[in-house]
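Novice:
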Amino acid sequence: MFVLSGYEYLLGFIFVASLVPVLALTASWLLRPAPSGPERRTTYESGMEPIGGAWIQFNIRYYMFALVFVIFDVETVFLYPWAVAFNRLGLLAFVEALIFIGILVVGLAYAWRKGALEWS
Amino acid sequence: MNLAEGVQLVSFIILTVMMLGAALAVVLSPNIVYSAFLLGGVFSAMAGLYLLLNASFVAAAQILVYVGAINVLILFAIMLVNKREDFAPVKYAWTRKIVTAAVCGGLFLLLGTTIITTPWAIDSTAAAGDEAIYILGEHFFTDFLLPFELVSVLLLMALIGAIVLARRDIIPDSSNVVGQDDLKLPEKPRELVSAGADGESS
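Those sequence lines, one after another, are chains A and B.
Each residue of the first sequence is one higher than the one before, counting from 1 in the working numbering.
Each residue of the second sequence is one higher than the one before, counting from 1001 in the working numbering.
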């Protein structure tokens, strides 16, 4: 028994969103001239020539951004019920959530100090 | 069967087919990057199934954490190790396949018997539905407050641990400095030199 409300809109959105790529590709397939010449197979037609392969090994330092992102993503999950029920919870919950965020800001400050957030 | 139940059934069938197909493709795809992207499809279909089970918060968490973060982490891990190397074929590869099949089949049988023998009937109280997330929020800030705050300490520990572990690899030793032949992007050598200078000064 499905009791959640408002999800018929989600279903509609999924339907429309799944139609968009099909319609776009079909329309361009109907409208475009027949492909010809080697230029059509380049990555960026009339753009810069790409250098090297697209499948390269990434630098390890980019992994750190992903790690920090995962931590703050999990934090978002914990703050989500607080944000939804904000009106019902009152001032005390606001202070408690501030403590929760404050502890994690320490981690952000640490990451910043250690240069984990620098692209260079 | 009214319209809502029909839509529900069709959604369930579509999600199940999508999940099983994507999961099979994850295992069978020869390209590991495609496997990682298809894993995102598996996670998304699982989120849809959670929604059908009236668990909207679990579905949101599934999308946020698994599709948004874990899958990105897996992709990053793949891109870190994604070097095209000519691996020599292993001798007796078929024994490994047999062992893997036995382990996977045993796990499947174990989970299958668990699913069959577990009584799944839940009590007849109505599902919380839209109220569930409010109830969760109220529990977080009343009787589950201490675990909630401890979670932030746990996340802090995970963050600092991740930074400590990940930073260690940036500083190049003399033993594992990447040779010039391995570098393909023009900006890479400059990065490594600057990282090495940072590591020595700090």
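For every residue, glycine included, the Cβ atom is placed at its ideal position computed from N, Cα and C.
#1: Would you tell me roughly how many angstroms separate the C-alpha atoms of B:V1007 and B:C1104, rounded to the nearest one?
#2: Let me see if you follow: with CB-CB separation under 8 angstroms, is B:A1060 close to chain A or not?
#3: Quick check: what's the CA-CA separation for B:L1028 versus A:E75?
#4: Would B:I1133 pass as a contact of A:A85 if the rule is Cβ separation under 8 angstroms?
#5: Are the stretch 94–101 of chain A and the stretch 1131–1151 of chain B touching, with three or more C-beta to C-beta distances below 8 angstroms?
#6: Between A:Y80 and chain B, is any beta-carbon pair separated by less than 8 angstroms?
#7: What does the Cβ neighbour count give for A:N59, buried or exposed, with the cut at 16 atoms within 10 Å?
#8: Along chain A, which residues have their Cβ under 7 angstroms away from the Cβ of B:S1029?
#9: If the cut-off is 9 angstroms on Cβ atoms, which residues from the stretch 37–71 of chain A count as contacting chain B, listed in chain order?
#10: If you measure from the beta carbon of A:F15 to each beta carbon in chain B, is any gap under 8 angstroms?
#11: Using the beta-carbon count (16 or more within 10 Å), is B:A1004 buried or exposed?
#12: Which residues, in order along the stretch 1013–1026 of chain B, keep a beta-carbon less than 9 angstroms from a beta-carbon of chain A?
#13: Out of B:V1151, B:I1163, B:M1157, which one is the CA nearest neighbour of A:V77?
#14: CB-CB under 7 angstroms to B:M1046, same chain, minus the five flanking residues each way: which ones, in chain order?
#15: Under the three-state reduction of DSSP, which class applies to B:K1184: helix, strand or coil?
#16: Could you give the DSSP three-state label for B:F1076: helix, strand or coil?
Specialist: Taking the structure as given:
#1: 34 angstroms
#2: yes
#3: 34 angstroms
#4: yes
#5: yes
#6: yes
#7: buried
#8: The contacting residues do not exist; B:S1029 stays about 15 angstroms from chain A at best.
#9: I51, G52, G53, W55, I56, Q57, F58, N59, I60, R61, Y62, Y63, M64, F65, A66, L67, V68, F69, V70, I71
#10: no
#11: exposed
#12: none
#13: B:V1151
#14: M1019, Q1062
#15: With a pLDDT of only 47 at B:K1184, under 50, the local geometry of the prediction cannot be trusted, and the value read off the model is given with reservation. Looking at B:K1184 - three-state DSSP - the assignment turns out to be coil, as it is neither helix nor strand.
#16: helix
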